[in-house]
Structures are given as C-alpha cells and as structure tokens.
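Comments concern the structure below.
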Amino acid sequence: MAQPERRIVIAIDASEQAEMAFNWYLTTIHRPENNLVLVHVPEIQDSERNRMVYVTAGAWEDALSKEKAKIKELEETYNTKILENGISGRVRTEGGNKPGEIICRIAEEEKGTMIVMGTRGLGKVRRTIMGSVSDYVVHHAHCPVIVCRQ
4 MAQPERRIVI AIDASEQAEM AFNWYLTTIH RPENNLVLVH VPEIQDSERN
54 RMVYVTAGAW EDALSKEKAK IKELEETYNT KILENGISGR VRTEGGNKPG
104 EIICRIAEEE KGTMIVMGTR GLGKVRRTIM GSVSDYVVHH AHCPVIVCRQ
C-alpha cells in the first residue's frame, strides 16, 4: 500500500543552521513520497534598516537590488539541492518582518505535516528581548515542529 504524501515545510535562510536542518531532514526522516515546501522569509536586519533611513533613492535601489540577488542565489542553491536529491518540492519566498508568523501561516496554507527548522541558539537574555523565530513557531504552529540544534 502506497504511503500518503506528506508536505514538509522547511524554514531556510542563508545560515549554516538552516543548511544543517535541511541536511538533517534529508538524512534522517525524508521519504520519497514527501513533498517539500522550503520557506524563506528575507528580512532586513534592524541595523541595516536604521542605516537605510538616511540614504538617497539611488543607494536604496542599489541595496534592494543586492538583496534581490541574494534571495535569487539562495533560491537557486536550494532548488539545486532539491533536484540533485530527486525530491519533490519548491522554494517559497515571502518578505516580512515577522518570520515566525509567516512560517506558521505558510505551513497552514500548504497543509504542512510538520515544520523543520534550525536555530541560532540565542542566549536566554537575547531571546527574551529579541524573540526567537523557532520559539515562536514551536508555540504557534498548527503542526509538529522539529528544531535542529547544532
């Protein structure tokens, strides 16, 4: 009897933690009937945002162009990984400044069976002040969440 398709949502960014979570998924729990939705939520860091307040329109366009190039490169990297491993899946990029909320919403829209993600391992104080994407997802996702630690 064939296994039903499982839709696995994997949160990605350009970090080594995201790559480690993707590789952990591949070597540990991947099944051929799984369908991946790799979710990328690009966000301009606060320091970058503050710096951009005082720039010209040309500098803003240049920064935006560079960010788009980074996003495209990340999408191509993960699309290549999908193809090289013969996996059914795609990359879904959606901008916003609340990545945890976006990851949870996309997982629900895609009818995700589970979410897999890395964690940067912020200390208790920084996590309390800044919040943690993985902490948010664990507490708000509609499905099980696997957080891969290094």
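Residue 124 in the numbering used here sits at position 121 of the sequence shown; the count goes up by one each step and never skips. Every residue, glycine too, gets a C-beta built ideally from N, C-alpha and C.
Bounding residues of the beta strand (DSSP E) (the contiguous stretch that carries residue i)
i      : result
His43  : Asn37 to His43
Ile118 : Met117 to Gly121
Ile32  : Premise fails: Ile32 is in no beta strand (DSSP E) and is neither H nor E.
Cys151 : Val148 to Cys151
Opening and closing residue of the alpha helix (DSSP H) in which residue i lies
i      : result
Gly92  : Taken as a continuous stretch (DSSP letters only), Gly92 belongs to no alpha helix (DSSP H), being part of the beta strand (DSSP E) at Ser91 to Thr96.
Ile85  : Ala60 to Glu87
His142 : Val136 to His143
Cβ separation of residue i and residue j, assumed to be a contact under 8 Å, to the nearest whole Å
i      : j      : result
Ile11  : Gly115 : 7 Å
Ile106 : Val40  : Not a contact, Cβ separation roughly 10 Å.
Arg123 : Val42  : With 8 Å as the limit, Arg123 and Val42 do not qualify as a contact, their Cβ atoms being about 17 Å apart.
Ile15  : Tyr28  : Contact flag wrong, Cβ pair sits at about 11 Å.
Met117 : Cys146 : 5 Å
Val148 : Val140 : 5 Å
Glu36  : Glu8   : 5 Å
Gly103 : His143 : 7 Å
Lys73  : Ala17  : 7 Å
Lys84  : Phe25  : 7 Å
Residue i - partner residues in DSSP beta bridges
i      : result
Ile15  : His43
Arg108 : Answer is none; Arg108 lacks a bridge partner.
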